[in-house]
Structures are given as C-alpha cells and as structure tokens.
Amino acid sequence: MTTAQKPDWKAVVARKRAERDALIPAEYDIPASKLPPVDGKSVVSFPATCGLLTPAEVAITEIDDVDVLLAKLAKREYTAAEVLEAYIKRACIAHRLVNPITEIHFDDARRWARELDDELQATGKTRGPLHGLPVSLKDQFRIKGSDATIAYVSYVGRQADHDAVCTALLKEAGAVPFVKTNLPQTIMFAETRNELFGTTLNPHNRLLHTGGSSGGEGALVAIKGSPLGVGTDVGGSVRIPAGMCGLFGLRPSSHRFPYEGAVNSMEGQETIPSVLGPLTRTLSGLTTFTKAILAGRPWLYDPLVPEMPWSQSRYDAAKAKKGLKIGLMSTDLHVHPFPPYERALQVARDALTKAGHDVVPFVPYEPGQGLAIMGDAFCADGGRDVLEAISGCDEPLGPQVTGVGKPEKSAYELWQINKRKTVYRKRALDHWRDAGVDFVLCPTSVYPAMKHDDECWILYTGLWNLLDYTAISLPVSSVDAKLDPKRSSPPHDGWYSDDDRRWNDKYDPDLVDGAPIGLQVVAGRYREEEALGFAETVWHAIRG
1 MTTAQKPDWK AVVARKRAER DALIPAEYDI PASKLPPVDG KSVVSFPATC
51 GLLTPAEVAI TEIDDVDVLL AKLAKREYTA AEVLEAYIKR ACIAHRLVNP
101 ITEIHFDDAR RWARELDDEL QATGKTRGPL HGLPVSLKDQ FRIKGSDATI
151 AYVSYVGRQA DHDAVCTALL KEAGAVPFVK TNLPQTIMFA ETRNELFGTT
201 LNPHNRLLHT GGSSGGEGAL VAIKGSPLGV GTDVGGSVRI PAGMCGLFGL
251 RPSSHRFPYE GAVNSMEGQE TIPSVLGPLT RTLSGLTTFT KAILAGRPWL
301 YDPLVPEMPW SQSRYDAAKA KKGLKIGLMS TDLHVHPFPP YERALQVARD
351 ALTKAGHDVV PFVPYEPGQG LAIMGDAFCA DGGRDVLEAI SGCDEPLGPQ
401 VTGVGKPEKS AYELWQINKR KTVYRKRALD HWRDAGVDFV LCPTSVYPAM
451 KHDDECWILY TGLWNLLDYT AISLPVSSVD AKLDPKRSSP PHDGWYSDDD
501 RRWNDKYDPD LVDGAPIGLQ VVAGRYREEE ALGFAETVWH AIRG
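Going by UniProt numbering, the sequence shown opens with residue 1, and the numbers climb by one from there.
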C-alpha cells in the first residue's frame, strides 16, 4: 500500500494568496510604488487621502459611530450598496498597507446589499437593527461557500457548507459580511502572524504588531476598512487588539453570544472556553452589536447559549449609578505595566474621583495560581490538536507555539485541573465580594503594541477569561515618549522577579511613541449590560 503524497505547503500558500488577491478589483488596487514606506508613521488616514476614494466614500468611511451610519441607512441618506462599496474600496487599500484580510466576499455582499436596498424601497422598513452595515469577521466564522482555514495550510479548500450561527444572525439583522480577517497560527498567541497569510501590521505604526488573536480585525477596523468587526477571545484575543489598535472591544461571559458553527483550534477545550465579541471605533457600537445579536434569540440556534435577552433596565441602571466604588488594579503582581499604562491609570483615577466616584486599590486574587491553571488547561493535550491540524501539509510551527511535546493529561488529571479552576473561581469571587467594588479598572496589557516577532504576556486579560468575567477594553490614551520615559529605577514596590525586569527592559518609548493605550472595565460574570453601562461612565469621565 502506498501512502498518498502530501502537498507542498509553500505551493498551497502561494495558490491561496493568489486566489484571494485576484478578488481585489484592479481599479481598487494601489500600485506598490504609490504606497508609503513601512516605518513608524501612522497610515490610518492614508486611505482617505490617497485619491482612490471619492469625497462621498471618504465621508461614509470616516463615520466612526455605527449608530450614526445605521441612522443614515435607515433614512435612506445612503444605500446599503454605496456604503458597502465605500468600505470595499477602503478595505482593499487597507489590505495593501497592513495585510488584514484572509477571505473576500465582495460579490455575495453586493448581492445582499442590493436585496436590502430593494426591501427598504418596497416596504419602507429596514431588515433589522444592523440594516446595511458592512461587517468583517475573524477567519473562524464560517461563511457558506468559503474556507475557514484558521491559518492552517492543511485546512485550505475546506469550504463551509453553512454559515456560523453568528454569521446568520448578523445577516438576519441586516448586516453585510464582506471580508474575513487574519489570526495567528493555533489562534493562541497575542500577535497576528502565520505561514498561510503572513503578518498583520498595526496601522498606527507598522513597525509594531496588532496584538492577537483577533489582530486582523483590530487592524482593519482601526484603519476604517470596516465599521464593526467580530473576533474571538480565549485569553484576551479581542481586548488586546482593541487596546493596541485604539478600539473598543467586548469580551462577554461564555456562551452569552453564539459560537456554534465557528471553527476553532483546540475544539473541545472547555475549561476556559473561547467566546466571540465585537471590536468597534465607538463604545456605542459594542452596545448596538450586543442588542442585535441577543435580539436574534441565539439560544434557539446554539445549545450552549442561555436564554438571556438584552436587559435595558440593567444597562440604564449601571450607566446612571452615582458614587460607584471602583477597584483600581494597577498590577497583576507578576509584571509591572509599562510607564504609559501607569499614567493612563492615574488619569482615569483622577477623572473618576473628580466625577464623584470612590476609586480604591484592588489586588487580584492569587494571580499566580490562575496563571498555572491557564497553562495546564491550554496544554492539556500536549499539543496533539495542533500537530494533527498541521499534519496534512507538514507546515512548520511558528516559534510562538508552546506546549507541543508535553505529556497529555489523562481524564482524571483534566478533572483535577477543572477542580482547581472551580476552587479558584470561588475564592476569587469571595475576594471580589469582600472588596465591595462595582467593577474593576485595569490595564489591557503590560505593554503597548510591540515590535514584530516578540513574546507576549496575557495575564492582565487572561485572568478574566479564567474567571469568565465580562470585560471591555477602552482606548483611553496613547504613548507620549516625553511623558512616559523608560524607568531609570525599579518601581516603588520593587521588581517582582528577573522576568519582570526583563519585560520592562523591552520598553522603547521612542519606538512606540503615539501607540494606543487601553484600559479594561471588568464587571463580573454575565454582566454585559453592567459592563457596557460602567464603561460609559469611565469613558465620559476621562473624555470630560
């Protein structure tokens, strides 16, 4: 018996990229000679000034507030078709600049947009709350007729025969999915790079990465190539790109939003489940997405989603509450955040105190224990899932992939991990309750966006995945090399370890000058409405 020869992975990569690029209309493609050099300068405004977009298309894509755009669509100031075409153009330019796109669905999107326009013309009613809104989806979300490779070369050609539930609900709400976006190999890293589609660059500074794993969404939404993106988050994968790209990102509690039909790495790993969440350029966009998805009654299509409709009263009460007690978590007790995060926390504390709230120190419960549980859970299979995923083409594993080759855990050993998680969650809950805080405010990351091909640290976000708490990242500041110089001495409480010192040695204020800085609002389990309301309080206090 002969063994079938495996395809050459490099040939598969070349073919897949060529197929994608062939779908970019020639008239929307900018020659390399007209692109700016890859340096530390922002390219966020380049699509609006390069001359390819008409003034009307610039105006459409410069509308950051999803609600404003939706209102114009509903009043027929814009058609769904013209809004889509503006975003198609801008996304094509964005792709040449920062490489965020994996799959292109322009033709299907155009047909759907025309149907929406015809329906509004005939009935005078919108299809749903997201009528005519172009949306981008992380590569995991199936769209019928297209690949969902999740950056594995071996998965090329596995076309979906149905939409993911999230995709279907978005379309039912009137949204127009038009592209899918990049993610790291294994989806388990906080930088977006892989062998199949390459590296996604940060539009604020292309010498820096976008975070991950929803970094394609972060880049595309930040450069205004999409008004709203949908990512996933298992350790910070929505919030980290949001923080590093100057966006708002929501990580809900597990199964509040429907994951059914999305492709995943490590499927079956439910100790710390992956969740889906939106990335937008305004806070209101997160709320609009949440309302729209829950209005679609996802519990009828995903067996894991609890029947929890949107609660306007909970949202309103949180937003209106005066005299909040806010826990300020300035450190994870392992790695001190870089200086610009310390300044951002101080700005937030002063603004919230001035607004009449009580801001108190908050120390997380035994984060080292949490970190150990996360590591054991994510590596429980010894990397078997990853090895099977790459076996079809024998593509190389990136240097960021960890856990491969470790012993697989037995069923009993996995039970013990889950037992430790439950005990940890109970003690952390007691700790939170005893602190008496309404919510916690903390850094989204240790660092702003970093240079490419570096390591990552995710405890500031991953801790909330372990606890399954709702968390929102807000863009509250940016690095100022003059205000945020490198530390010339240890922090006031000293270095936690040599690792802490090593991480902080990576900080280069001149390299990251101008990079966005995000903080998280964390509000407990299944408290999406409260988190969104509290985030409004923080945002308005900081912005005055």
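Don't be surprised by glycine CBs; every beta carbon is placed ideally from N, CA and C.
(Q) Please return the same chain residues whose Cβ sits closer than 7 Å to the Cβ of Thr126, not counting the five positions on each side in sequence. (A) The residues are Ala74, Leu120 and Gly174.
Q: Check whether the Cβ atoms of Val440 and Val522 sit closer than 7 Å, and answer yes or no.
A: A contact, by the Cβ cut-off of 7 Å.
(Q) Suppose the cutoff is 6 Å on Cβ atoms and the five residues either side in sequence are ignored; what does the same chain contact list for Val165 look like? (A) Short of 6 Å from the beta carbon of Val165, and not among the five residues preceding or following it, lie these beta carbons of its own chain, in chain order: Pro258, Glu260, Gly261, Tyr301 and Asp302.
Q: Just tell me which of Gly285, Gly243 and Lys16 has its CA closest to the CA of Gly514.
A: Minimum Cα-Cα distance from Gly514 among the listed residues Gly285, Gly243 and Lys16 corresponds to Gly243.
**Q.** Sub-7 Å separation of Leu474 and Leu519 beta-carbons
**A.** With respect to the 7 Å criterion, Leu474 and Leu519 are classified as neighbours on the basis of their beta carbons.
Q | From Gly323, Leu304, Arg525 and Phe289, residue whose alpha carbon lies closest to that of His131 | A | Per the Cα distances, Phe289.
Q | For Gly392 and Met1, the rounded distance between their alpha carbons | A | Because Met1 sits at a pLDDT of 43, beneath the cut-off of 50, its placement in the model cannot be relied upon, and the following sentence gives the value as read from the coordinates. Their backbone Cα atoms lie some 19 Å apart in a straight line.
Q) Since Glu395 and Glu195 are thought to touch, with beta carbons under 8 Å apart, how far apart are those beta carbons, to the nearest angstrom? A) Your pair Glu395 and Glu195 checks out as a contact, with CB atoms roughly 5 Å apart and the cut at 8 Å.
Q: Could you check what DSSP says for Gly216 in three-state terms: helix, strand or coil?
A: Three-state result, Gly216: helix.
Q: Could you tell me whether the Cβ atoms of Arg297 and Ile373 are closer together than 7 Å?
A: Their beta carbons are not under 7 Å apart, which means Arg297 does not touch Ile373 by this criterion.
Q | Buried versus exposed, by CB contacts within 10 Å (16 or more), Arg15 | A | So Arg15 ends up on the exposed side.
Q. Which one or two residues does DSSP pair with Ile150 in a beta bridge?
A. Residue pairing by DSSP leaves Ile150 without any beta bridge partner.
**Q.** Alpha carbon of His105 to alpha carbon of Leu283, nearest angstrom
**A.** The straight-line gap from Cα to Cα measures roughly 27 Å.
Q) Given a threshold of 16 other Cβ atoms within 10 Å of its Cβ, counted over all protein chains shown, does Gly235 qualify as buried or as exposed? A) Of the residues assessed, Gly235 falls on the buried side of the cut-off, its CB having 16 or more other CB atoms within 10 angstroms.
**Q.** Buried versus exposed call for Asn205 [16 or more other C-beta atoms within 10 Å across all chains shown]
**A.** The residue in question, Asn205, is buried, as its Cβ has 16 or more Cβ neighbours within 10 Å.
Q) Roughly how many whole angstroms lie between the Cα atoms of Val538 and Lys321? A) It is roughly 12 Å from the alpha-carbon of Val538 to the alpha-carbon of Lys321.
Q | Lys6 in three-state terms, based on DSSP | A | DSSP places Lys6 in coil when its eight states are reduced to three.
**Q.** Extent of the continuous beta strand (DSSP E) to which Ala313 belongs
**A.** Contrary to the premise, residue 313 reads as Ser rather than Ala in this sequence. Counting along the chain, Ser313 falls outside any beta strand (DSSP E), though it belongs to the alpha helix (DSSP H) covering Gln312 to Ala320.
Q: Assuming Ile30 contacts Ile93 (C-beta within less than 8 Å), just tell me the rounded distance between them.
A: Confirmed, Cβ separation roughly 6 Å.
Q | Cβ neighbours of Trp503 in the same chain (closer than 7 Å, five flanking residues each side left out) | A | Val335, Val446 and Trp457, listed in sequence order.
**Q.** Neighbourhood of Gly356 by C-beta, 7 Å cutoff - its chain only, sequence neighbours within 5 removed
**A.** The residues are Lys322 and Gly323.
Q. Do the stretch 149-165 and the stretch 183-201 touch if we need at least three Cβ pairs shorter than 8 Å?
A. Yes, since at least three Cβ pairs between the stretch 149-165 and the stretch 183-201 fall closer than 8 Å, the two stretches touch.
Q: Would you identify the three-state DSSP class for Ser478, choosing helix, strand or coil?
A: In the three-state scheme derived from DSSP, where H, G and I count as helix and E and B as strand, Ser478 is classed as strand.
**Q.** Residue(s) in a DSSP beta bridge with Asp358
**A.** DSSP output for Asp358 lists Lys325 as bridge partner(s).
Q | Meets three-Cβ-pair contact criterion under 8 Å: the stretch 221-229 and the stretch 62-81 | A | Counting C-beta pairs closer than 8 Å gives three or more between the stretch 221-229 and the stretch 62-81, which meets the contact rule.
Q) In terms of residues, what are the limits of the alpha helix (DSSP H) holding Glu103? A) In this chain, Glu103 is not harboured by any alpha helix (DSSP H); it is covered by the beta strand (DSSP E) spanning Ile101 to Ile104.
Q: Check whether the Cβ of Pro448 lies closer than 7 Å to any Cβ atom in chain D.
A: Within the model displayed, chain D is absent; a lone protein chain is all it includes.
**Q.** Other residues of its chain near Ser146: CB distance less than 8 Å, five sequence neighbours each side excluded
**A.** Glu103, His105, Gln159, Ala160 and Lys180, listed in sequence order.
Q.
Given a cut-off of 7 Å on the beta-carbon distance, is the pair Pro309 and Val275 in contact?
A. Contact flag unset, no.
Q: May I ask which residues mark the beginning and end of the beta strand (DSSP E) holding Phe289?
A: According to the DSSP assignment, Phe289 belongs to no beta strand (DSSP E) but to the alpha helix (DSSP H) extending over Leu283 to Ala295.
Q: Note the first and the last residue of the continuous beta strand (DSSP E) segment covering Asn205.
A: It spans Asn205 to His209 - the beta strand (DSSP E) in which Asn205 sits, taken as one unbroken run.
**Q.** Reference Asp453, options His492, Thr210 and Pro7, closest by Cα
**A.** For the options His492, Thr210 and Pro7, the alpha carbon positioned closest to that of Asp453 is the one of Thr210.
Q: Can you tell me which of Pro7, Ala81, Ser213 and Gln5 puts its alpha carbon nearest to the alpha carbon of Arg193?
A: The shortest Cα separation from Arg193 among Pro7, Ala81, Ser213 and Gln5 belongs to Ser213.
Q: Would you list, in sequence order, the uninterrupted alpha helix (DSSP H) runs of no fewer than 4 residues that lie entirely inside the stretch 26-85?
A: Qualifying alpha helix (DSSP H) stretches, in chain order: 46-49, 55-61 and 66-74.
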